[in-house]
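Residues in the sequence shown are numbered from 15 upward in steps of one, following this note's numbering.
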Amino acid sequence: MDYIRITDRDNVAVALSPLQKGSTAAGVTLLCDIPAGHKFALCGIPRGTDIIKYNAPIGCAAEDIAAGAWVHTHNVRTNLSDVLDYTYTPTNPLLPPQPTRTFRGFRRSGGRVGIRNEIWIIPTVGCVNSPAQRLAQEGASLVHGTVDGIYAFPHPYGCSQLGDDHKNTQRALAGLVHHPNAGGVLVLGLGCENNNIAAFRTVLGDIDETRVKFLNCQEVDDEIAAGRQLLRELCDTAADDTREDIDASELIVGLKCGGSDGYSGITANPCVGVFSDRLIAQGGCAILTEVPEMFGAEQLLMARCENKALFDKTVSLINDFKRYFQRYGQPVYENPSPGNKAGGITTLEDKSLGCTQKSGSAPVCAVIGYGERTETRGLHLLSAPGNDLVASTALAISGAHLVLFTTGRGTPFGCPVPTVKISSNSALAQKKNNWIDFDAGVICETGDIRTCGDALFDYVLALASGDIRTKNEEMGYRDISIFKDGVTL
Numbered sequence: 015m016d017y018i019r020i021t022d023r024d025n026v027a028v029a030l031s032p033l034q035k036g037s038t039a040a041g042v043t044l045l046c047d048i049p050a051g052h053k054f055a056l057c058g059i060p061r062g063t064d065i066i067k068y069n070a071p072i073g074c075a076a077e078d079i080a081a082g083a084w085v086h087t088h089n090v091r092t093n094l095s096d097v098l099d100y101t102y103t104p105t106n107p108l109l110p111p112q113p114t115r116t117f118r119g120f121r122r123s124g125g126r127v128g129i130r131n132e133i134w135i136i137p138t139v140g141c142v143n144s145p146a147q148r149l150a151q152e153g154a155s156l157v158h159g160t161v162d163g164i165y166a167f168p169h170p171y172g173c174s175q176l177g178d179d180h181k182n183t184q185r186a187l188a189g190l191v192h193h194p195n196a197g198g199v200l201v202l203g204l205g206c207e208n209n210n211i212a213a214f215r216t217v218l219g220d221i222d223e224t225r226v227k228f229l230n231c232q233e234v235d236d237e238i239a240a241g242r243q244l245l246r247e248l249c250d251t252a253a254d255d256t257r258e259d260i261d262a263s264e265l266i267v268g269l270k271c272g273g274s275d276g277y278s279g280i281t282a283n284p285c286v287g288v289f290s291d292r293l294i295a296q297g298g299c300a301i302l303t304e305v306p307e308m309f310g311a312e313q314l315l316m317a318r319c320e321n322k323a324l325f326d327k328t329v330s331l332i333n334d335f336k337r338y339f340q341r342y343g344q345p346v347y348e349n350p351s352p353g354n355k356a357g358g359i360t361t362l363e364d365k366s367l368g369c370t371q372k373s374g375s376a377p378v379c380a381v382i383g384y385g386e387r388t389e390t391r392g393l394h395l396l397s398a399p400g401n402d403l404v405a406s407t408a409l410a411i412s413g414a415h416l417v418l419f420t421t422g423r424g425t426p427f428g429c430p431v432p433t434v435k436i437s438s439n440s441a442l443a444q445k446k447n448n449w450i451d452f453d454a455g456v457i458c459e460t461g462d463i464r465t466c467g468d469a470l471f472d473y474v475l476a477l478a479s480g481d482i483r484t485k486n487e488e489m490g491y492r493d494i495s496i497f498k499d500g501v502t503l
């Protein structure tokens, strides 16, 4: 098939391969060339009429559109507006039970589970980024036993911030310190920063002193020698940690997409949706974020809220993020990116309706704020922006053991936890096989989303067990980006 009409109600179809002007597709003669991943009109669409894709409006016609015409940014405008009122109309979704699955993970103190046994170096402030990175490099020789490696996570913050912006940084770094993928953590401070170690410890709360060590660089003669000794102690402690059978209900997975294209909502995102439903049916947790990329699809998520209180939280999640845009004088619909548009995504609604498919059909069980850790199971909505590095870091901070990252354009980056790149098209998987971990583009050939989702579930359990590593892990690509919203002094 060279095209797909996603639902019977849609008045556009998507080209699955380049279509030529004058050829016939879906019963219409094409009036121009249609690039792969882009849309064409299945009938005449008068100006002001909704463009329907995924059985929902993705915008409206900015001019009269003839049958067979290319439907894209030149003739479509968004329907999005600012803060809205919503009505709770629950759909009460139910998931069928799934057979119990397990993976091999590390049981931590307090009952938490990790899927990696790494040593992390967390700077309290950007001033000590370079010593942190040097310690990670020179500390590689200390790795032994079951320790997977030593990694530093530099960032530019921790000082010259005020109010909630400063607290965001502290919450983010605290989430990393407490992350169960770290068998040990060295918190590296300077000594004079706002987020100094004494202040940061009040945010951290209870810690295992054998697993979390602290070093103020200004207090020692040689911070590299002192840091190396603390890393040695952490490695010795974690080296004897062993994997054991863990029920899949204890797995927490973050859901993210970036560099989407016209295939993303047809292949990769619904494939992840199948995975998410399977995980949640077993009692696991999936976290959906990128709030601006819920705009236009938010009512579908609201209808899946388990109760009115969660619905109200979801309304606040959406409208508060719109107010964040308004506070800086920016339109709420300033998305998709140039790469998204080149790949066939026309409006933010088009992107959002594809993006939210990663959440499957499960009920929304929790809405959490930036830096807040998961405390329950089921589908969570997390407050964070759409930026790839910021959103993926936010997922890790909230406790995700790994992130499923769908993409139609490709990206090499990785966040602090294993970051699984899932391609929406097979051409990308073949071209950038040093970036891509899983090819969902096969769905274009097979049409079988469920089988692909089941294969992804098997892949994730093997990944969580340490049997395989993601491409970002193999390449050593790991970064964090903290959500900044405030004045820099």
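Think of the CB as a built atom: it goes at the ideal place given N, C-alpha and C, for glycine as much as any other residue.
With respect to the beta strand (DSSP E) encompassing residue i, which residues constitute its N-terminal and C-terminal limits?
{"i": "Thr421", "result": "Leu416 to Thr421"}
{"i": "Ser437", "result": "Thr433 to Ser437"}
{"i": "Thr116", "result": "Thr116 to Arg121"}
{"i": "His74", "result": "Note that residue 74 is Cys in the sequence shown, not His. Per DSSP, Cys74 belongs to the beta strand (DSSP E) from Ala70 to Ala75."}
{"i": "Gly163", "result": "Gly163 to Ala166"}
{"i": "Lys270", "result": "Ile266 to Cys271"}
{"i": "Ile382", "result": "Val378 to Ile382"}
{"i": "Ile411", "result": "Not the beta strand (DSSP E): Ile411 falls in the alpha helix (DSSP H), residues Asp402 to Ile411."}
{"i": "Gly392", "result": "Gly392 to Leu396"}
{"i": "Glu207", "result": "Run containing Glu207: none; DSSP gives neither H nor E here."}
{"i": "Glu258", "result": "Arg257 to Asp261"}
Check for me: the alpha helix (DSSP H) holding residue i runs from which residue to which?
{"i": "Lys327", "result": "Lys322 to Arg341"}
{"i": "Lys227", "result": "Here Lys227 belongs to no alpha helix (DSSP H); instead the beta strand (DSSP E) covers Val226 to Asn230."}
{"i": "Asp250", "result": "Glu237 to Ala252"}
{"i": "Arg185", "result": "Gly177 to Val191"}
{"i": "Arg215", "result": "Ile211 to Leu218"}
{"i": "Ala29", "result": "From DSSP, Ala29 is part of no alpha helix (DSSP H) but of the beta strand (DSSP E) over Val26 to Ala29."}
{"i": "Arg148", "result": "Asn143 to Glu152"}
{"i": "Gly368", "result": "Leu362 to Cys369"}
{"i": "Pro352", "result": "Pro352 to Ala356"}
{"i": "Glu487", "result": "Lys485 to Met489"}
Excluding five sequence neighbours on each side, which residues of the same chain lie with their C-beta closer than 6 Å to the C-beta of residue i?
{"i": "Pro426", "result": "Trp449 and Tyr491"}
{"i": "Asp259", "result": "Thr116"}
{"i": "Val201", "result": "Ile136 and Phe228"}
{"i": "Gly467", "result": "Cys285, Val288 and Phe289"}
{"i": "Asp453", "result": "Ser437, Ser440 and Ala443"}
On the DSSP bridge assignment, give the partners of residue i in chain order.
{"i": "Pro137", "result": "Leu202"}
{"i": "Val127", "result": "Arg121"}
{"i": "Val474", "result": "According to DSSP, which records beta bridges pairwise, Val474 is partnered with nothing at all."}
{"i": "Thr502", "result": "Gln175"}
{"i": "Val42", "result": "Ala39"}
{"i": "Glu132", "result": "Gly163 and Ala196"}
{"i": "Tyr17", "result": "Ala29"}
{"i": "Ile48", "result": "Leu33"}
Got a sec: is the Cβ-Cβ distance from residue i to anything in chain C below 8 Å?
{"i": "Arg91", "result": "Of the protein chains in the structure, only one exists, and it is not chain C."}
Would you decide whether residue i is buried or exposed? Buried here means 16 or more other CB atoms lie within 10 Å of its CB.
{"i": "His86", "result": "buried"}
{"i": "Asn447", "result": "exposed"}
{"i": "Glu389", "result": "exposed"}
{"i": "Pro430", "result": "buried"}
{"i": "Lys485", "result": "buried"}
{"i": "His158", "result": "exposed"}
{"i": "Asp24", "result": "buried"}
{"i": "Val13", "result": "Since the first residue of the chain shown is 15 and the last is 503, residue 13 is not available in this structure."}
{"i": "Ala150", "result": "buried"}
{"i": "Arg341", "result": "exposed"}
{"i": "Lys507", "result": "It is not possible to answer for residue 507, since the shown part of the chain is limited to 15 through 503."}
{"i": "Arg464", "result": "exposed"}
{"i": "Arg246", "result": "exposed"}
{"i": "Leu176", "result": "exposed"}
{"i": "Gly203", "result": "buried"}
{"i": "Arg130", "result": "buried"}
{"i": "Val305", "result": "buried"}
{"i": "His394", "result": "buried"}
Go through its chain and collect everything with a Cβ distance to residue i's Cβ below 7 Å, but skip five positions before and after it.
{"i": "Asp291", "result": "Leu109, Gly374, Ser375 and Ala376"}
{"i": "Lys365", "result": "Ser274, Glu307, Asn349, Pro350, Asn354 and Ile359"}
{"i": "Gly279", "result": "Tyr68, Leu367, Gly368 and Gln371"}
{"i": "Gly272", "result": "Asp402, Phe419, Thr421 and Thr425"}
{"i": "Ser412", "result": "Gly189, Ile301, Ile382, Glu386, Arg387, Thr388 and Leu396"}
{"i": "Ile18", "result": "Ala27, Val28, Leu30 and Ile280"}
{"i": "Val42", "result": "Leu56, Ala81 and Gly82"}
{"i": "Ser155", "result": "none"}
{"i": "Tyr473", "result": "Phe452"}
Output needed for residue i: all residues of its chain with C-beta closer than 8 Å, excluding positions within five of it in sequence on either side, in chain order.
{"i": "Thr460", "result": "Cys466"}
{"i": "Asn230", "result": "Gly203, Leu204, Gly205, Asn210 and Ile211"}
Any heavy atom of the ligand FMN within a distance shorter than 7 Å of the CB on residue i?
{"i": "Arg492", "result": "In the structure shown, the ligand FMN is absent, as is every other ligand, since no ligand is present at all."}
Minimum length 4: unbroken alpha helix (DSSP H) runs contained in the segment 287-320:
312-316
Just to confirm the assignment: which complete beta strand (DSSP E) runs, minimum length 3, are found wholly within the segment 53-103?
Counting whole runs of 3 or more residues, the segment 53-103 contains the beta strand (DSSP E) stretches 53-55, 64-67 and 70-75.
Where in the segment 436-471 do unbroken runs of the alpha helix (DSSP H), each at least 4 residues long, occur, reported from the N-terminal end onward?
440-445 and 457-460
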